[in-house]
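K.L.:
Pasting a structure here, questions to come.
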Amino acid sequence: MAHPHFSDVALSVLTAADRWRLVSTLVPTEIQPIERRARAVSHAHPHQEVLLPLVGRGVYGHGEHAYPCDAGVVFFFDRFEPHDNGYAPEVRHATHLWISIVEDRAFARTLEVVDGRMLPGGLNRALRPEDLGLDLQRAIADARRVAVASPGLARARLM
């Protein structure tokens, strides 16, 4: 039976957390930055976000650098960290899972990206701590606290 929100390809990425690669300022980034063809527009805001590309390829900026935005690369944007606002036209077709973390809640949504344009995907959910089974802010604070002494433990708390 088909999943109501995710393709088989997207599900294979979601269920392969052992192969995810992290881009974050809290721990050493697990992939190398790449050159960007054009200058991107960035923004920042007071809540945290997670971007998990599920299908497709592209480039996405985090801070001063751009990184491959391929399936299985997890971007964690902390509060007020600049990151791209939108997508370049070179992103022909992609499915991305975005999770906004606002205080103790998470808002998960999928976006379909076609030729750089963002279209709503099939998922748009608000999640409370009891839905998730953990306190996201505590997990992020734990990751921040142990990041210098144990980047691996910090990564585990973020993932």
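Residue numbering for the sequence shown follows our numbering, beginning at -10 and increasing consecutively.
Ideal Cβ positions, reconstructed from N, Cα and C, are used throughout, including at glycine.
#1: Can you tell me whether Pro42 is buried or exposed? The criterion is at least 16 other CB atoms within 10 Å of its CB, across all chains shown.
#2: From Thr99, Ser31, Arg46, Gly105, pick the residue whose C-alpha is nearest to that of Glu70; which is it?
#3: Look at the alpha carbon of Gln126 and the alpha carbon of Gln37, and state the distance between them as a whole number of angstroms.
#4: Where do the ends of the beta strand (DSSP E) carrying Ser1 lie?
#5: Kindly list the residues whose CB is nearer than 6 Å to the CB of Asp124, restricted to its own chain and excluding five residues on each side of it in sequence; keep chain order.
#6: What is the DSSP secondary structure of Ile129, counted as helix, strand or coil?
#7: Of all Cβ atoms in chain B, is any one closer than 8 Å to the Cβ of Val(-2)?
#8: According to DSSP, Pro57 sits in a beta bridge with which residue or residues?
#9: Is the beta carbon of Val62 closer than 8 Å to that of Tyr56?
P.N.:
Per the coordinate set shown:
#1: So Pro42 ends up on the buried side.
#2: The residue with the shortest Cα to Cα distance from Glu70 is Ser31.
#3: Spanning the two alpha carbons is a distance of roughly 10 Å.
#4: That residue, Ser1, is in no beta strand (DSSP E); its alpha helix (DSSP H) goes -3 to 3.
#5: Residues of the same chain with a CB within less than 6 Å of the CB of Asp124, apart from the 5 flanking positions on each side, are Pro118 in chain order.
#6: Correct three-state label for Ile129: helix.
#7: Among the protein chains of the structure shown there is no chain B, as only one such chain exists.
#8: Pro57 pairs with Val48.
#9: Their beta carbons are under 8 Å apart, which means Tyr56 touches Val62 by this criterion.
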